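Numbers 9 to 186, taken from this note's numbering, label the letters of the sequence shown in order.
Where a beta carbon is used, it is the ideal one built from N, C-alpha and C, also for glycine.
Here the structure is a predicted model, which is why all the values come from computation and not from measurement.
Contents: one structure, followed by commentary.
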Amino acid sequence: MDTPPPLRAIFFDRDGVLNIDHGYVADPSRLDWIDGAREAVAALTKAGLKVMVVTNQSGIGRGFFEEAAMHGFHAEMQAQLEPLGGRIDAFYFAPHHENAAIDAYRVTDHPDRKPNPGMLLRGLAEFDLAPAEAVIIGDRSSDVEAGRRAGMPGHLFRGGDLHAFVVSVLGDRVPSLK
């Protein structure tokens, strides 16, 4: 059996994996981290891996909040990760939805909207990664399916402590996490 190449990147879904999914969250004051999420990002950053977020954000297309609000939310995430030594290297988002209120985002089956792999493929290309050097962790089957379509393994997070989950599914490929 072939040994997989070293792991170089982790893609995380955002809502329900890194932060509690309150439904269309864009206000930084509503950022509530999943247990162990900041520690997981910090451990992966310290291990030298790229950490990226891929998130469907149809709330933008539906007119619930502006794109600038989402960027503010992401800036707050970065600010709260910094004291632990964590960093998210890139945020990719898909504001598209077939029922979007904003015409520019009303697209059926946009290539970026998971389960399509567009955001993952862009991250792989921008960081010069092979699919075998990355994984995705998400809380929905559409996250895992996006990974499959991009040629990378996916892991379904069903809640609990994210750091412990990351160690359990990636510890053999990233020994410094243990």
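>> Using a Cβ distance threshold of 8 angstroms, determine whether the segment 104-113 contacts the segment 142-150, with at least three qualifying pairs required.
In response: no
> Looking only at C-alpha atoms, which of 122, 162, 79 sits nearest to residue 33?
Replying inline: Numbered from its first residue, the sequence shown carries residue 33 at position 25. Looking at the Cα atoms, 79 is the closest of the given residues.
> Who are the Cβ neighbours of residue 117 in its own chain at under 8 angstroms, not counting the five residues just before and after it?
Replying inline: By 1-based counting over the sequence shown, the position of residue 117 is 109. Contacts found: 106, 124.
> For the candidate residues 26, 22, 11, whose alpha-carbon lies nearest to that of residue 170?
Replying inline: One-based indexing of the sequence shown puts residue 170 at position 162. Nearest option by C-alpha distance: 26.
> Where are the beta strand (DSSP E) runs, 3 residues long or more, that stay fully inside the segment 43-118, in chain order?
Replying inline: Listed in chain order, they are 58-64, 98-102.
>> Are the CB atoms of residue 23 and residue 29 within a distance shorter than 8 angstroms?
In response: For the purposes of this step, residue 29 is taken as the residue at position 21 of the sequence shown. For the purposes of this step, residue 23 is taken as the residue at position 15 of the sequence shown. Yes, the Cβ-Cβ distance between residue 29 and residue 23 is below 8 angstroms.
> For residue 180, which three-state DSSP category applies?
Replying inline: Sequence index remark: in the sequence shown, residue 180 carries index 172 (1-based). Coil.
> Between the beta-carbon of residue 95 and the beta-carbon of residue 59, is there less than 8 angstroms?
Replying inline: Locating residue 95 in the sequence shown gives position 87, counting from the first residue. Locating residue 59 in the sequence shown gives position 51, counting from the first residue. Yes, the pair counts as a contact, with Cβ atoms nearer than the cut-off.
>> So for residue 170, helix, strand or coil by DSSP?
In response: Start at 1 with the first residue of the sequence shown, and residue 170 comes out as number 162. Helix, per DSSP.
> At a Cβ threshold of 8 angstroms, is residue 179 touching chain B?
Replying inline: Judged by its chain identifiers, the structure shown contains no chain B, having just a single protein chain.
>> For a test of the three-state rule: what should DSSP assign to residue 152, helix, strand or coil?
In response: The sequence position of residue 152 within the sequence shown is 144, counting from 1. DSSP places residue 152 in helix when its eight states are reduced to three.
> How is residue 34 classed by DSSP in three states: helix, strand or coil?
Replying inline: On the sequence shown, residue 34 is found 26 positions in, with the first residue counted as 1. Note: residue 34 maps to coil in three-state DSSP.
>> Spatial neighbours of residue 52 within its chain, please: C-beta separation below 6 angstroms, excluding the five flanking residues on both sides.
In response: Against the sequence shown, residue 52 aligns to sequence position 44. Answer for residue 52: 18, 59, listed in chain order.
> Since residue 31 contacts residue 172 with CB under 8 angstroms, what's their CB separation in whole angstroms?
Replying inline: Here residue 31 corresponds to residue number 23 of the sequence shown, with the count starting at 1. Here residue 172 corresponds to residue number 164 of the sequence shown, with the count starting at 1. At roughly 26 angstroms, the Cβ-Cβ gap does not stay under 8 angstroms, so residue 31 and residue 172 are not in contact.
> What separation, rounded to the nearest whole angstrom, lies between the Cα atoms of residue 165 and residue 63?
Replying inline: Residue 165 sits at position 157 when you count from the first residue of the sequence shown. Residue 63 sits at position 55 when you count from the first residue of the sequence shown. About 15 angstroms.
>> As a quick exercise: from 56, 10, 39, 40, pick the residue whose alpha carbon is nearest that of residue 182.
In response: Within the sequence shown, numbered from 1, the residue matching residue 182 stands at position 174. Of the candidates 56, 10, 39, 40, the one whose C-alpha sits nearest the C-alpha of residue 182 is 56.
> According to DSSP, which residues form a beta bridge with residue 27?
Replying inline: Residue 27 sits at position 19 when you count from the first residue of the sequence shown. Beta-bridge pairing links residue 27 to 23, 41.
> First and last residue of the alpha helix (DSSP H) that includes residue 133?
Replying inline: Position 125 of the sequence shown, counted from the first residue, corresponds to residue 133. 126-134 is the span of the alpha helix (DSSP H), which, as asked, contains residue 133.
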